[in-house]
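Residue numbers (this note's numbering): 29 to 374. Written out below as structure tokens is the structure these notes cover.
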Amino acid sequence: MKVLMLGHESLFRKTVGPGMGTFATELISRLQKNIALDYFTYNNALFSMPKSLLLDYESNRRRIDVVHDLSGVSLIIKKPTRPYILTLHDNFGILSDFLVYPDGKGTFKSRVWLYITKKGKSKNIKNADAIIAVSSNIEQNLIDFFDVPKEKIFVINHGINPIFRPRHTKSDKFVIGTLSDLTQRKDPIMLIDAFKLFADGLNRTEKEEIELDIYGKQSKCIIEKLKQRSLGYNINFKGPVSQSQKPYIYNKFNIFVFPSIEEGFGMPILEAQASGVPVIINGNGMISKEVQKYCLKAYTQEEMADLFYSIYSRRYDKILSNNGVRYTRSFTWEKTAKRTLEVYKK
């Protein structure tokens, strides 16, 4: 069997990047041990449209059996004649614009990109012979919003790299942290306000022992507002981090918080749990059931602040840590690759 991997060229670079870059690197390294792989790439999603006209020609020339679109956002004009498998990593372009722009705003460029993405994804979903959804959350949205038959969808979760493990490198301070892009969809305001409530309930000595560290790429339209909101509290905006830094950053946290409104999978949640860190999520967020199993849920800022204090006072952080570490062992890239190969052979 020979499979043509379709996607943006950044997916196939040797260096492991975040998100889909990690997915592609981990999956390909395991699949190529069992089957032949070839690649059809583009360096701009818009340019993938005219290039997609060559897809059948290249599939014939290279004797391809299956085409696998790894990113889900390739803009394919014509349905491939070979079996076409589509992987969807998130609900971007599937659900309402509110989840992308909760305040109703967004640049002209970003809104044009959203429109193109929605059109492209809709067509890809319709053309796909099989769809790999990385979570049950995405599977349900495909059924609800696109009437995709359940038998056409295969839920295959991402794996967790074994580099994420408890390292016992906690600092002297009690550190609450998060690691994600600072966008409105991630709801950093809920986290900041909850931390302020938590700090306000402590005495002066205790306040000096706690800090909130926020890692991730910073959106210009929101970062200044967040910094203003954080004045007077020990809140640090650390900026983006590399993949190699992440295991050590997770291990500095006493609590990992992921207040996102919506996630396709929620990889940081499992990475933190694999590192032995208790996790709190937004109870109102759309997080897949397989990821949120051993998370604490906060539906309001007040509830989140109460959970901070419960873990700060050592009520049940060890139980959460041990359960999380055990549970994440079931998420392996070997399992992801094996199940993907089974879809190819159907």
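Virtual Cβ for every residue (Gly too), placed ideally from N, Cα, C.
{"query": "Ranges of the alpha helix (DSSP H) found wholly within the stretch 295-345, counting only runs of at least 4", "result": "295-302 and 329-340"}
{"query": "Own chain partners of residue 291 with C-beta closer than 6 Å, once the 5 adjacent residues on each side are dropped", "result": "315"}
{"query": "Element boundaries [beta strand (DSSP E), containing residue 159]", "result": "158-161"}
{"query": "Three-state class that DSSP yields for residue 69 in the structure shown", "result": "strand"}
{"query": "According to DSSP, residues forming a beta bridge with residue 246", "result": "210"}
{"query": "DSSP bridge partner residues for residue 32 (one or two, in chain order)", "result": "66 and 95"}
{"query": "Beta-carbon separation (whole angstroms), residue 32 vs residue 84, contact threshold 8 Å", "result": "Rounded, the Cβ-Cβ distance is 11 Å, inconsistent with contact."}
{"query": "Proximal residues to residue 211 (C-beta, below 8 Å), its chain only, five neighbours per side dropped", "result": "247 and 250"}
{"query": "Three or more C-beta pairs below 8 Å linking the stretch 291-303 and the stretch 185-195", "result": "yes"}
{"query": "Stretch pair the stretch 170-180 + the stretch 194-203: three plus CB contacts closer than 8 Å", "result": "no"}
{"query": "Buried versus exposed, by CB contacts within 10 Å (16 or more), residue 58", "result": "buried"}
{"query": "Whole-number beta carbon distance between residue 81 and residue 106, since they are thought to touch under 8 Å", "result": "7 Å"}
{"query": "Residue burial classification, residue 109 (beta-carbon count within 10 angstroms, cutoff 16)", "result": "exposed"}
{"query": "Counted within 10 angstroms of its Cβ, other Cβ atoms place residue 347 as buried (16 or more) or exposed", "result": "exposed"}
{"query": "Cβ-based burial, residue 327 [other Cβ within 10 Å; buried from 16]", "result": "exposed"}
{"query": "Collapsed DSSP secondary structure at residue 221 in the structure displayed", "result": "helix"}
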